[in-house]
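**Student:** In order, the protein sequence lines correspond to chains A and B. Going by our numbering, the first sequence opens with residue 168, and the numbers climb by one from there. Going by our numbering, the second sequence opens with residue 634, and the numbers climb by one from there. All residues carry an ideal CB built from backbone N, CA and C; glycine is no exception.
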Amino acid sequence: MLTDPSAHRGTSTDRFTAAYRELSPRVLGYLRSHGVDDPEGATNDVFLALHRRFDSVEGGEDGVRTLTFSIAHARLVDFHRARARNPRQVSFDPEADPRRAASAEDTAIDMVGGGAMSLLSSLGDDQRQVISLRVIAGLSLEETAQVMDRSVGSIKQLQRRGLESLRSLMVKETIDV
Amino acid sequence: MSELIDVLLDESDFADDAVLRDLLDELEREATAVRPMPSTALAELMAPRRAPSRRPSSARRGVVITGIAVIGALGLGAGAAAASPEARAAIGAGFAVIAHLFDPGAPALVSVPILGIDGSSGSSSSPEPSSSGAPTVQPSDTPSPSDGTNSGATDDPTPEATSNAQSGDDSGDSSGDSNSNGKHSNGKGNQSGHGNGKGQGNGGPAPTP
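Laid out in structure tokens, this is it:
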């Protein structure tokens, strides 16, 4: 449900602007949580694609939200396919090496916040997509199933496993600290 | 959105897990903290449409100004052309030819000086009157019914005279073929016998109109 009052009335431009204001941070967060190279540019692409179909969307603001994240999910799938075909080559960055030990400062920062996204990135692709679509995008179980083109039962199962994985990761981090 | 997190935890039998709930709350805050800047194309799509104003736009005003300038330039050009005697003569001859097309009985001038043709046309076939006062061009008021096209071009409107006058010239149509007239007027006699300002004058300068 879009919370912006102008999302429900006004011209098509007003409603589209309200949808952008409401959903763009979530689309950006969804794309960032899946490691898209240029999440802001991809977010703009998502809304440009949404604009072309905006007047034909059915289902009100929930329909707009579902369509928006359907487009974002499709872009994400395209991105990962393109990356699989053309692996990105980067120079070695010691800071990005997962074998390194966290510094005391990093640990402190993680304790006060900023670690939830990194915990999410530790999940498998499917579990991560379900958790991000539910928590970041704010979709329901049925809408998530629609976006991922899966059954509600499989989404529910992935969701439960994802939450269990997050719980165990948190416990492991607490023990490490 | 925390209600959705509650629902999510409840669906997965983690409803009482406060730690997991805090983590999901933090994840939502962290992921949605940044509002992206819309690109130029997207910002244009979201720009409010302005109601059409009654004041003409700058583009429309530009068109009006350009139109006025073009009309003014055309007026200046027409004035300059009207001030030129050659242009006036050409225009007059043009009108005569057009009138002749609609009314074959009307007199048609054949001596039309065309600007820019080797300069000879002005002296040989100028419609200026001779100094004697008699016009060199004598359009026939009563054209011969047998040959209307040649009627106004010769002093003698008879077909024989016409053919004689045209014997040295290939201009068969005397109703306005000024090119051939101007080009050949210096040599073998004037095709139409008119407008020979060189020979018939008494030497005085022809008055310019």
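Fully enclosed by the region 190-267 of chain A, which beta strand (DSSP E) runs are 3 residues long or longer?
**Tutor:** Complete beta strand (DSSP E) runs here, min 3: none at all.
**Student:** Residues of chain A with CB closer than 7 Å to the CB of A878(B), please, in chain order.
**Tutor:** Missing from the structure shown is residue 878(B); chain B here goes from 634 to 842 and no further.
**Student:** Near F221(A), what residues of its chain come up, given a Cβ to Cβ distance below 6 Å and the 5 sequence neighbours on each side ignored?
**Tutor:** Here residue 221(A) refers to the residue found at position 54 of the first sequence. Same-chain partners within the cutoff: F183.
**Student:** Take T226(A) and list the residues in its own chain whose beta-carbon comes closer than 8 Å to its own, dropping the five residues that flank it on each side.
**Tutor:** On the first sequence, residue 226(A) is found 59 positions in, with the first residue counted as 1. The sequence shown places Gly at residue 226(A), rather than the Thr named in the question. Same-chain partners within the cutoff: T233.
**Student:** Report the option in L325(A), S335(A), G305(A) and E207(A) whose CA atom is closest to the CA atom of D229(A).
**Tutor:** Position 62 of the first sequence, counted from the start, is the residue given in the question as residue 229(A). The shortest Cα separation from D229(A) among L325(A), S335(A), G305(A) and E207(A) belongs to G305(A).
**Student:** At a CB-CB cut-off below 8 Å, which residues of chain A make contact with I638(B)?
**Tutor:** Mapped onto the second sequence, residue 638(B) falls at position 5. Going along chain A in sequence order, the residues near I638(B) (Cβ under 8 Å) are V302.
**Student:** For a test of the three-state rule: what should DSSP assign to L290(A), helix, strand or coil?
**Tutor:** For the purposes of this step, residue 290(A) is identified with residue 123 of the first sequence, where counting begins at 1. Here DSSP, grouped into helix, strand and coil, assigns L290(A) to coil.
**Student:** If you check the beta carbons only, do L195(A) and V667(B) fall under 8 Å apart?
**Tutor:** Residue mapping note: residue 195(A) aligns to position 28 of the first sequence, counting from 1. Residue mapping note: residue 667(B) aligns to position 34 of the second sequence, counting from 1. Yes; because the gap between Cβ atoms is below 8 Å, this pair is in contact.
**Student:** Looking at the C-beta of R654(B), does it have a partner C-beta in chain A at a distance below 8 Å?
**Tutor:** Counting from 1 along the second sequence, the entry for residue 654(B) is found at position 21. No - not a single Cβ of chain A is within 8 Å of the one on R654(B).
**Student:** Hey, is the region 208-217 of chain A in contact with the region 236-250 of chain A, meaning 3+ C-beta pairs nearer than 8 Å?
**Tutor:** Touching, yes.
**Student:** Between the C-alpha atoms of M315(A) and K323(A), what's the straight-line distance to the nearest angstrom?
**Tutor:** Position 148 of the first sequence, counting from 1, holds the residue named residue 315(A). Position 156 of the first sequence, counting from 1, holds the residue named residue 323(A). For M315(A) and K323(A), the distance between alpha carbons rounds to 12 Å.
**Student:** Please classify N835(B): is it buried, with 16 or more other beta-carbons within 10 angstroms of its beta-carbon, or exposed?
**Tutor:** Within the second sequence, residue 835(B) is the residue found at index 202, counting from 1. Here N835(B) scores only 48 on pLDDT, less than 50, and its place in the model is too uncertain to base an answer on.
**Student:** Run through DSSP, which three-state label would A722(B) get?
**Tutor:** Residue 722(B) sits at position 89 when you count from the first residue of the second sequence. Three-state DSSP puts A722(B) in a helix.
**Student:** Is it the case that the Cβ atoms of Y197(A) and I298(A) are separated by a distance below 8 Å?
**Tutor:** As a working note, residue 197(A) is residue 30 in the first sequence. As a working note, residue 298(A) is residue 131 in the first sequence. Not closer than 8 Å, so no.
**Student:** Can you pull the chain A neighbours of V667(B), defined as C-beta to C-beta under 7 Å?
**Tutor:** As a first step, residue 667(B) must be located in the second sequence, where it is residue number 34. Near V667(B) (Cβ distances below 7 Å), the residues of chain A are P192 and L195.
**Student:** Quick one, which of E331(A), E340(A), T178(A) and T180(A) has its alpha-carbon nearest G291(A)'s?
**Tutor:** The residue labelled residue 291(A) in the question sits at position 124 within the first sequence. Out of E331(A), E340(A), T178(A) and T180(A), E331(A) has the C-alpha closest to the C-alpha of G291(A).
**Student:** With 16 as the cutoff for other CB atoms within 10 Å, does N211(A) come out buried or exposed?
**Tutor:** The sequence position of residue 211(A) within the first sequence is 44, counting from 1. Buried is the label assigned to N211(A), since at least 16 other Cβ atoms lie within 10 Å of its Cβ.
**Student:** Can you look up F647(B) in the DSSP assignment and give me helix, strand or coil?
**Tutor:** As a first step, residue 647(B) must be located in the second sequence, where it is residue number 14. Coil, per DSSP.
**Student:** Quick one: residues in its chain with C-beta nearer than 6 Å to the C-beta of R193(A), no 5 flanking neighbours on either side, listed in chain order?
**Tutor:** Taking the first residue of the first sequence as 1, we reach residue 193(A) at position 26. So the qualifying residues of the chain are I303 and A304.
**Student:** Assuming the contact rule is C-beta atoms closer than 8 Å, R328(A) and Q294(A) should be a hit. Round their C-beta distance to whole Å, please.
**Tutor:** For this step, residue 328(A) is matched to residue 161 along the first sequence. For this step, residue 294(A) is matched to residue 127 along the first sequence. Right, their Cβ atoms sit about 6 Å apart.
**Student:** How many whole angstroms separate the CB atoms of L656(B) and L333(A), which I take to be in contact at a CB cut-off of 8 Å?
**Tutor:** Taking the first residue of the second sequence as position 1, residue 656(B) is located at position 23. Taking the first residue of the first sequence as position 1, residue 333(A) is located at position 166. Confirmed, about 6 Å.
**Student:** I'd like to know whether the C-beta atoms of P669(B) and E207(A) end up nearer to each other than 8 Å.
**Tutor:** Here residue 669(B) refers to the residue found at position 36 of the second sequence. Here residue 207(A) refers to the residue found at position 40 of the first sequence. Result yes, Cβ atoms of P669(B) and E207(A) sit closer than 8 Å.
**Student:** Any beta-carbon of chain A closer than 8 Å to the one on E661(B)?
**Tutor:** Working through the second sequence from its first residue, we reach residue 661(B) at position 28. Cβ-Cβ to chain A under 8 Å: yes for E661(B).
**Student:** Using a cut-off of 9 Å between C-beta atoms, extract the partners of Q294(A) located in chain B.
**Tutor:** On the first sequence, residue 294(A) is found 127 positions in, with the first residue counted as 1. None at all; the shortest Cβ gap to chain B is about 12 Å.
**Student:** Any idea what DSSP makes of S179(A), helix, strand or coil?
**Tutor:** Mapped onto the first sequence, residue 179(A) falls at position 12. S179(A): helix per DSSP, three-state reduction.
**Student:** Counting C-beta neighbours from all protein chains within 10 Å, is the total for F259(A) 16 or more, i.e. buried, or is it exposed?
**Tutor:** Stepping through the first sequence from its first residue, residue 259(A) is reached at position 92. By the 10 Å Cβ count, F259(A) comes out exposed.
**Student:** Around the C-beta of A664(B), are 16 or more other C-beta atoms found within 10 angstroms, so that it is buried, or is it exposed?
**Tutor:** Mapped onto the second sequence, residue 664(B) falls at position 31. Under this definition A664(B) is a buried residue.
**Student:** Among the residues of its own chain, which have a CB less than 6 Å from the CB of L190(A), if the five just before and after it don't count?
**Tutor:** The count along the first sequence starts at 1 and reaches residue 190(A) at position 23. For L190(A), where only same-chain residues beyond five positions count, the Cβ hits under 6 Å are T235.
**Student:** So that I know if they touch, is there some Cβ in chain B lying closer than 8 Å to that of K339(A)?
**Tutor:** Position 172 of the first sequence, counting from 1, holds the residue named residue 339(A). Cβ-Cβ to chain B under 8 Å: no for K339(A).
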